[in-house]
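Protein chains in written order, with my numbering: chain A, 1 to 497; chain B, 498 to 742.
C-beta: ideal position from N, C-alpha, C; glycine also.
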Amino acid sequence: MALAPSSIEWALAVVFLPLAGALLCFLAPRRAAALGLTIAALTAASTLGLTLEVVVAGTQRTVLGGWGAPLGIVWLADGLSVTLMAMTAAVGVAVSVYAAAYFRDEHTERAFFWPLWLLLWTALNALFLSADLFNLYVTLELMGFAAASLTALGGSAAAVSGAIRYLLVSVLGSLFYLLGVALIYHACGTVDIALVAACIGDAPRPAVQAAVGVMFAGLMLKTALFPFHFWLPPAHGSAPAPVSAVLSALVVKASFYLLLRLWIDVLGGGGRWLAELLGLLGAAAVIWGSVLALRQERLKLLIAYSTVAQIGYFFMAFPLALAGDSAAWTGALYLALAHGLAKAAMFLTAGNLMRFGGHDRIAELDRAVHRLPLTLTAFTLAGVSIMGLPPSGGFIGKWLMLEAAFRQERFGLAVVMLLGGALAAAYVFKVVGHAFTPAVRSRRERKIPAAMEWSALLLAVVAILLGLTLPMIWPLLQIGGPAAALSAAGAATGAVA
Amino acid sequence: MTPPGYRQGDGRNAGGQAETAAGARARGQIPSWARASIALLLLALFGGLALAVLSLSSPAPGLSEAVAARIGESGVSHPVTAVLLNFRAYDTLLELVVLVVAMIGAWSVGTARGCGGDTPGPLLRHLPRLLAPLMVLAAGYLLWAGAHSPGGAFQAGSLLGGVGILLCLSGRPLPDGLLGWPLRLAAMLGVIVFAALGAGVAALPGGSPLGWPPDAAKALILSIELAAMLSIGFILAALFAGGRP
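This is the structure in structure tokens:
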């Protein structure tokens with residue numbers, strides 16, 4: 001083996017390392033935390049290695065089994081996939097550090113958190129790497145089962161019923177997706193994304209339309225796009241804090257990523273009606289999610305509804321990108337990255353406040369600012385990114401999308417984006433305001449380990465710094481498939497109605 | 498159709514409709530307009546899918562020719578096994594991981610309640626003595642047969658899982674000594690062997706992940722299937738028991 005690992009070895013490591021770590025953690029539950037932290041660090045390092053490889057040498061293909069498409073499966077690491085893997089690694093390391101402290105005294109939870117979380121990481125990286133529609137289905141199932149099991153980890157009745165609902169929705173979404181894959185295989189005789197993209201123009205139109213319809217419906221359900229968001233708040237609101245963080249930050253992004261891949265790489269831009277419908281649902285999600293977030297009395301539910309709203313922004317890029325405006329995609333992806341980091345930070349701070357006061361009722365936060373200054377700073381910084389204030393990553397994403405909306409004179413979408421920002425400011429300040437005012441009753445207090453405060457703060461700081469790294473991330477997003485496709489996406493409008 | 502307990506003549510007329518609808522919802526009943534619209538929606542979905550399927554050409558383009566052309570290099574002669582364990586081995590590896598996740602997930606929720614509870618009847622007491630060895634034998638045969646005819650690790654593993662369920666039902670639980678890491682290792686053996694060999698062959702000169710060298714393919718596939726069969730059997734029986742030991 002060469003001294004410097006090749007791209008194949010990096011790609012192998014980002015999937016197989018967390019897998020091996022999960023098995024080890026399950027075999028040795030007493031050492032799970034130490035093993036898990038080590039594996040998390042190694043996986044993040046491998047992700048960095050793969051990312052640098054893509055930056056230096058462009059898109060990396062790994063032919064699994066040496067067969068190649070259409071017979072075998074291919075991994076494809078391009079700018080889009082390594083960017084999402086890098087976000088997963090950043091959130092993953094912070095959540096791992098947090099979880100090591102969070103689950104220190106809970107033996108059962110600790111013994112099962114680590115294998116399930118590392119398996120979830122395996123599934124996420126496998127999903128971001130795969131260039132094969134059927135293999136993507138398998139990774140979706142893996143992700144869904146791991147995520148649902150993690151949701152139930154709290155063991156309370158609310159957590160288990162939220163997890164069961166989540167599991168059913170997740171399986172339904174995957175099966176819809178699988179139905180679409182079956183139709184596409186029947187029409188094209190292949191499930192490799194590049195080969196399907198080449199064939200789909202000549203395939204029978206009703207079959208393609210039905211396939212696109214069911215695949216999008218399934219993935220919208222999994223991404224919790226309004227009105228399919230009903231399962232998200234109970235699942236994300238009742239899971240343990242580190243689990244809520246990865247569910248909101250990473251798992252919904254994975255199915256959105258897959259939607260984007262289908263839209264850009266398979267459909268070459270999709271159709272006008274579908275894009276407008278997705279944009280409309282996205283706009284409705286922004287308003288509905290923000291209003292409901294504002295009305296929540298529990299912090300974790302507020303953060304969960306804020307996720308429903310933020311997901312809406314990603315979908316508003318579909319109509320904006322129709323006119324060939326690749327800045328809209330970059331904006332949506334930037335928002336997705338910033339949301340991943342900021343929302344993970346928010347859920348981690350919610351975990352701190354909940355552990356500290358024994359509850360997460362917003363009205364009784366009781367001067368948390370004096371006792372947990374780092375946690376409150378983290379929450380506020382994450383809130384800055386969620387609101388979209390400069391210089392955060394959320395600001396850049398929203399700015400790019402707003403610019404695209406004004407350029408195309410889509411004032412309706414622009415108004416929704418601005419309104420969503422104002423509502424986000426309202427619900428963030430609602431929490432921060434209560435943290436500054438004394439509550440009537442005094443509460444029991446528990447000490448919060450430093451690791452739990454600092455991991456949340458670091459994530460929030462990274463979400464802010466993301467706003468300053470646009471010159472680095474923009475070119476990264478353009479590497480490989482999306483580069484040509486992002487700009488061609490609009491030009492090919494109407495290829496598939 | 499009037500569900501039991503449906504309050505038709507409820508006093509307050511003004512709110513009567515909402516009241517009964519809310520009451521129906523509280524009891525987990527779906528109002529009839531919603532049922533009708535769900536039925537219509539499903540009918541439309543079915544109609545659309547039927548149209549889509551009818552629009553497909555037959556015979557459909559597929560990969561059977563590509564599989565047939567390269568099956569000689571796969572180490573096995575049955576096309577399904579060649580696809581599952583060689584051409585698309587990575588899918589199968591992840592499927593095995595899905596089974597492991599299912600088991601860890603079930604274990605994380607609670608402890609096993611045991612299978613039968615009561616003392617087994619005479620049939621259950623004596624039948625496993627007769628059946629279990631035969632089923633193990635049949636599983637071994639299915640595994641071996643998978644190389645050239647229908648069969649393989651999943652079929653053999655389900656049979657082994659059946660043996661486990663039978664033993665559990667007949668009140669023959671696993672000895673306590675095996676309930677710790679040996680059971681966990683057995684459940685994960687398939688993934689461990691599969692992933693270790695898959696990553697190992699990538700280090701061979703000119704190798705790729707999960708790319709079995711044609712000369713060694715048969716031996717590699719057989720050892721993976723053997724380990725996978727054991728794990729599938731253990732996992733299915735563990736899922737039946739319903740929780741961690």
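Next item on the list: Can you pull the chain A residues whose beta carbon is under 7 Å from the beta carbon of B/Trp-678, in chain order?
Entry: Locating residue 678 of chain B in the second sequence gives position 181, where the first residue counts as 1. Residues of chain A passing the Cβ test: Leu-27.
Note to self: Counting only Cβ-Cβ distances shorter than 8 Å, please list the residues of the region 581-593 of chain B near chain A, keeping chain order.
What the structure shows: Asn-583, Phe-584, Arg-585, Ala-586, Tyr-587, Asp-588, Leu-591 and Glu-592
Note to self: Comparing C-alpha positions only, which one of A/Arg-261, A/Val-266, A/Leu-267 and A/Gly-237 sits nearest to A/Ser-306?
What the structure shows: Translated into the one-based positions of the first sequence, residue 306 of chain A becomes position 306. Of the candidates A/Arg-261, A/Val-266, A/Leu-267 and A/Gly-237, the one whose C-alpha sits nearest the C-alpha of A/Ser-306 is A/Gly-237.
Next item on the list: Could you tell me which chain B residues have their CB closer than 8 Å to the CB of A/Gly-8, listed as they occur along the chain?
Entry: Here residue 8 of chain A corresponds to residue number 8 of the first sequence, with the count starting at 1. According to the sequence displayed, residue 8 of chain A carries Ile and not Gly. Chain B residues near A/Ile-8: Ala-699, Ser-705 and Pro-706.
Check: In the structure shown, what three-state DSSP assignment does A/Asp-265 receive?
Finding: Stepping through the first sequence from its first residue, residue 265 of chain A is reached at position 265. Looking at A/Asp-265 - three-state DSSP - the assignment turns out to be helix.
Notebook entry, point to check: Do A/Ile-73 and B/Tyr-638 have their C-beta atoms closer together than 7 Å?
Noted result: One-based indexing of the first sequence puts residue 73 of chain A at position 73. One-based indexing of the second sequence puts residue 638 of chain B at position 141. No, Cβ-Cβ distance for A/Ile-73 and B/Tyr-638 is not below 7 Å.
Check: Start and end of the alpha helix (DSSP H) containing A/Trp-474?
Finding: As a position in the first sequence, residue 474 of chain A is number 474, starting the count at 1. Where A/Trp-474 is concerned, the enclosing alpha helix (DSSP H) stretches over 470-478.
Notebook entry, point to check: Quick one: is B/Gly-569 near chain A, going by C-beta distance under 7 Å?
Noted result: Residue numbering aside, residue 569 of chain B sits at position 72 when the second sequence is read from its first letter. Chain A contact via Cβ: absent.
Margin query: Do A/Ala-332 and A/Ala-317 count as a contact pair if the criterion is CB distance below 7 Å?
Written below: Here residue 317 of chain A refers to the residue found at position 317 of the first sequence. Here residue 332 of chain A refers to the residue found at position 332 of the first sequence. Yes.
Next item on the list: Tell me, please, whether the CB atom of B/Arg-610 is closer than 7 Å to any CB atom in chain A?
Entry: Your numbering for residue 610 of chain B matches position 113 in the second sequence. For B/Arg-610, the answer is no, since every Cβ of chain A falls outside 7 Å of its Cβ.
Next item on the list: Go through the region 319-399 of chain A residue by residue and report every complete run of the alpha helix (DSSP H) that reaches 4 residues or more, in order.
Entry: 326-357, 368-371 and 373-387
Notebook entry, point to check: If you compare alpha carbons, which of A/Thr-380, A/Leu-413 and A/Gln-478 is closest to A/Phe-436?
Noted result: On the first sequence, position 436 is the one that residue 436 of chain A refers to. The residue with the shortest Cα to Cα distance from A/Phe-436 is A/Thr-380.
Margin query: What does the alpha-carbon distance come out to for the pair A/Thr-377 and A/Leu-458?
Written below: Residue mapping note: residue 377 of chain A aligns to position 377 of the first sequence, counting from 1. Residue mapping note: residue 458 of chain A aligns to position 458 of the first sequence, counting from 1. Near 10 Å, if we compare the C-alpha coordinates of A/Leu-458 and A/Thr-377.
Check: Nearest to A/Ala-234 by CA position, among A/Ala-187, A/Val-160, A/Ala-254 and A/Phe-256, is which residue?
Finding: Reading the first sequence from its first residue, position 234 is the one you call residue 234 of chain A. Note on identity: in this sequence residue 234 of chain A is Pro, with Ala being the wrong assignment. Checking every option, the nearest Cα to that of A/Pro-234 belongs to A/Val-160.
Check: Count the other CB atoms within 10 Å of the CB of B/Glu-762; is the residue buried (16 or more) or exposed (fewer)?
Finding: Outside the shown range of chain B, which is 498 to 742, sits residue 762 of chain B, and nothing can be said about it.
Check: B/Arg-626 lies in the alpha helix (DSSP H); which residues open and close that run?
Finding: One-based indexing of the second sequence puts residue 626 of chain B at position 129. Here the alpha helix (DSSP H) through B/Arg-626 covers 619-642.
Item checked: Test item: CB-CB of A/Ser-455 and A/Val-97 under 7 Å -> Residue mapping note: residue 455 of chain A aligns to position 455 of the first sequence, counting from 1. Residue mapping note: residue 97 of chain A aligns to position 97 of the first sequence, counting from 1. Yes, the Cβ-Cβ distance between A/Ser-455 and A/Val-97 is below 7 Å.
Next item on the list: Look at the alpha carbon of A/Arg-205 and the alpha carbon of B/Leu-551, and state the distance between them as a whole number of angstroms.
Entry: Residue 205 of chain A sits at position 205 when you count from the first residue of the first sequence. Residue 551 of chain B sits at position 54 when you count from the first residue of the second sequence. Their Cα atoms are separated by approximately 11 Å.
Notebook entry, point to check: Which value, in whole angstroms, describes the spacing of the CA atoms of A/Leu-402 and A/Ile-287?
Noted result: The residue you call residue 402 of chain A lines up with position 402 of the first sequence. The residue you call residue 287 of chain A lines up with position 287 of the first sequence. The alpha-carbon atoms of A/Leu-402 and A/Ile-287 are separated by roughly 16 Å.
Notebook entry, point to check: Does A/Leu-116 come within less than 7 Å of chain B when only Cβ atoms are used?
Noted result: Here residue 116 of chain A refers to the residue found at position 116 of the first sequence. Judged by the 7 Å Cβ criterion, A/Leu-116 is in contact with chain B.
Check: Are the beta-carbon atoms belonging to A/Val-384 and A/Ala-283 less than 7 Å from one another?
Finding: Locating residue 384 of chain A in the first sequence gives position 384, where the first residue counts as 1. Locating residue 283 of chain A in the first sequence gives position 283, where the first residue counts as 1. No, Cβ-Cβ distance for A/Val-384 and A/Ala-283 is not below 7 Å.
Item checked: Inter-stretch contact at 8 Å, needing at least 3 Cβ pairs: the region 13-23 of chain A / the region 41-52 of chain A -> yes
Notebook entry, point to check: So what does DSSP say about A/Trp-67, is it helix, strand or coil?
Noted result: What you label residue 67 of chain A is simply residue 67 of the first sequence in a count that begins at 1. Residue state, collapsed to three classes: coil.
Checklist line | Outcome for A/Lys-447 when other beta-carbon atoms lying within 10 angstroms are tallied against a minimum of 16 | finding: Indexing the first sequence from 1 puts residue 447 of chain A at position 447. That one is exposed.
Note to self: I'd like to know whether the C-beta atoms of B/Ser-571 and B/Ala-579 end up nearer to each other than 7 Å.
What the structure shows: Looking up residue 571 of chain B in the second sequence gives position 74. Looking up residue 579 of chain B in the second sequence gives position 82. Yes, the pair counts as a contact, with Cβ atoms nearer than the cut-off.
Check: To the nearest whole angstrom, what separates the beta carbons of A/Leu-23 and B/Ile-689, a pair I think is in contact under 8 Å?
Finding: Along the first sequence, read from residue 1 onward, the residue named residue 23 of chain A stands at position 23. Along the second sequence, read from residue 1 onward, the residue named residue 689 of chain B stands at position 192. Contact holds; Cβ gap of about 6 Å.
Item checked: Test: A/Gly-49 CB closer than 7 Å to a CB of chain B -> Taking the first residue of the first sequence as position 1, residue 49 of chain A is located at position 49. For A/Gly-49, the answer is no, since every Cβ of chain B falls outside 7 Å of its Cβ.
Note to self: For A/Ala-551 and A/Ala-100, which I take to be in contact (beta-carbon distance under 8 Å), what is that distance rounded to the nearest angstrom?
What the structure shows: The displayed coordinates of chain A run from 1 to 497. Any statement about residue 551 of chain A would go beyond what the structure contains.
Item checked: Simplified DSSP state of B/Trp-530, which is helix, strand or coil -> One-based indexing of the second sequence puts residue 530 of chain B at position 33. Looking at B/Trp-530 - three-state DSSP - the assignment turns out to be helix.
Note to self: Let me check you understand the geometry: is the CB of A/Gly-269 closer than 6 Å to at least one non-hydrogen atom of the ligand FMN?
What the structure shows: This structure does not include the ligand FMN; it has no bound ligands of any sort.
Notebook entry, point to check: Can you find a C-beta in chain A that's less than 7 Å from the C-beta of B/Gly-602?
Noted result: By 1-based counting over the second sequence, the position of residue 602 of chain B is 105. Judged by the 7 Å Cβ criterion, B/Gly-602 is in contact with chain A.
Next item on the list: Would you identify the three-state DSSP class for A/Ser-130, choosing helix, strand or coil?
Entry: Along the first sequence, read from residue 1 onward, the residue named residue 130 of chain A stands at position 130. Strand.
Note to self: Going by beta-carbon coordinates alone, are A/Ala-368 and A/Leu-353 separated by less than 7 Å?
What the structure shows: As a first step, residue 368 of chain A must be located in the first sequence, where it is residue number 368. As a first step, residue 353 of chain A must be located in the first sequence, where it is residue number 353. Closer than 7 Å, so yes.
Next item on the list: Determine the DSSP secondary structure at A/Val-93, reduced to helix, strand or coil.
Entry: To locate residue 93 of chain A, count along the first sequence from 1; it is residue 93. Looking at A/Val-93 - three-state DSSP - the assignment turns out to be helix.
Note to self: Once DSSP output is grouped into helix, strand and coil, what is the label at A/Ala-28?
What the structure shows: For the purposes of this step, residue 28 of chain A is taken as residue 28 along the first sequence, with counting starting at 1. Looking at A/Ala-28 - three-state DSSP - the assignment turns out to be coil, as it is neither helix nor strand.
Next item on the list: Find the nearest neighbour of B/Ser-646 within the set B/Pro-576, B/Gly-654, B/Ala-557 and B/Cys-665, judged by alpha-carbon distance.
Entry: Here residue 646 of chain B corresponds to residue number 149 of the second sequence, with the count starting at 1. The candidate whose alpha carbon is nearest that of B/Ser-646 is B/Pro-576.
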